[in-house]
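Peer 1:
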């Protein structure tokens, strides 16, 4: 049998070209599989969202809370659905929805600016749909979510962040319009978890009347009666000032000595006594007198008054700070914005921050 002779004119494919084509085909297959998997996951999440949202109102309250937690596992796609439940008839369900949304906000800080902004936009859009349906007592919850978004977006410049910031301002206007006839009660407000140390609120209240202590005991430095051995050198200055209103002479004297040790002048210690006074009129008088003084720095005193338990004191303190063009003042007001539950005062702080923000970028003259 004759042996076959290979065609001397045939061109064999180059080995490198074959490997290159095989690699391209493999990458193409992987991309198609990945794309298909993403589509499948997205479709599955959307199906679960619709399935879990269907018939939600017919469930018992306990089952609704369980369902909310299931929805939360779906990620950002569930934000509008969870936000809608802030208007639930059962307050325990509404509270569960609020806490889930607040928790989600605390998780967005680690994202890129655009991803964070898209999530905040989803939340603001969802809240805008139900702001007119909320009972008055729940407006403070919405106010806290709104303020957190503003704090996160105020200094960012990308387009998605600007959109989220604008949505938050529009929602703030809607909220303020609802709140003006009757301010939202704050007795049901749950404190938000602040995400970064730079946003941590001051640890104590400024009203040291014993009748009001229960309202802020968890957030404050331990009271002297509870911790008699605690040295004042470990206390923050505001906590030491609070002792100036103590019924015990020894505690007042100890606080005075500690403030002097920290460098406060006799005049500043006199002002500190006014700050610690349980009478609202005394603190209002301090506010009016301190704002026009040039011999001392009024900023720390006004910023402490912004933390006062009395609404009128806080409101006037914000107005007094509005005329101060100072980065430290704005930073502290942003801290307060996170925890301020009064809708009208929050609106004033937002307006102040937004005005200075526009001035910083040259849009306000």
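Residue numbers (my numbering): 139 to 503.
Just so it is clear, CB atoms sit at the ideal spot from N, CA and C, and this is done for glycine as well.
#1: Would you check if there are 3 or more beta carbon pairs closer than 8 angstroms linking the stretch 268 to 282 to the stretch 460 to 467?
#2: Are the stretch 303 to 318 and the stretch 274 to 284 touching, with three or more C-beta to C-beta distances below 8 angstroms?
#3: Assuming residue 393 and residue 382 are in contact, meaning their beta carbons sit under 8 angstroms apart, how far apart are those beta carbons, in whole angstroms?
#4: Alpha carbon to alpha carbon, how far is residue 162 from residue 193? Give it in angstroms, no decimals.
#5: Using only CA atoms, which one of 226, 461 and 417 lies nearest to residue 202?
#6: Does DSSP put residue 273 in a helix, a strand or coil?
#7: How do the stretch 205 to 214 and the stretch 182 to 192 stand: do at least 3 beta-carbon pairs fall below 8 angstroms, yes or no?
#8: Take residue 414 as the anchor and find which of 442, 434 and 461 has the nearest alpha-carbon.
#9: For residue 256 and residue 302, what's the separation of their Cα atoms in angstroms?
#10: Could I get the ranges of all uninterrupted alpha helix (DSSP H) runs contained in the stretch 195 to 239, with 4 residues as the minimum, in chain order?
#11: Under 8 angstroms: do the stretch 447 to 455 and the stretch 417 to 426 share three or more Cβ pairs, one atom per stretch?
#12: Ordered along the chain, which non-local residues of its own chain (more than five positions away) have a Cβ less than 6 angstroms from that of residue 474?
#13: Can you check the stretch 368 to 406 for any alpha helix (DSSP H) of at least 4 residues that lies completely inside it and give the ranges in chain order?
#14: Could you pull the start and end residues of the alpha helix (DSSP H) that residue 426 belongs to?
#15: In whole angstroms, give me the CA-to-CA distance for residue 236 and residue 230.
#16: Express the C-alpha separation of residue 314 and residue 485 in angstroms, rounding to a whole number.
#17: If you follow the alpha helix (DSSP H) that residue 477 is in, where does it begin and where does it stop?
#18: Could you give the first and the last residue of the continuous alpha helix (DSSP H) run that contains residue 267?
Peer 2: With the structure as the only source:
#1: No, the stretch 268 to 282 does not touch the stretch 460 to 467.
#2: Between the stretch 303 to 318 and the stretch 274 to 284 there are three or more inter-stretch CB-CB distances shorter than 8 angstroms, so the stretches are counted as touching.
#3: About 5 angstroms separates the two Cβ atoms, so the contact holds.
#4: Residue 193 and residue 162: Cα-Cα distance of roughly 48 angstroms.
#5: Per the Cα distances, 226.
#6: Here residue 273 sits in coil by DSSP.
#7: Contact holds: three or more Cβ-Cβ distances are below 8 angstroms.
#8: By alpha-carbon distance to residue 414, the top candidate from 442, 434 and 461 is 442.
#9: If you take the alpha carbons of residue 256 and residue 302, they lie about 7 angstroms apart.
#10: 199 to 210 and 217 to 222, all fully within the stretch 195 to 239.
#11: Segment contact: the stretch 447 to 455 against the stretch 417 to 426, three or more CB-CB distances shorter than 8 angstroms; contact assigned.
#12: So the list reads 444, once near-sequence residues are dropped.
#13: If we require 4 residues or more, the alpha helix (DSSP H) runs fully inside the stretch 368 to 406 come out as 375 to 380 and 387 to 399.
#14: For residue 426, the enclosing alpha helix (DSSP H) stretches over residues 418 to 428.
#15: Their Cα atoms are separated by approximately 10 angstroms.
#16: Those two C-alpha atoms are separated by around 7 angstroms.
#17: For residue 477, the enclosing alpha helix (DSSP H) starts and ends at 465 to 477.
#18: Residues 251 to 268.
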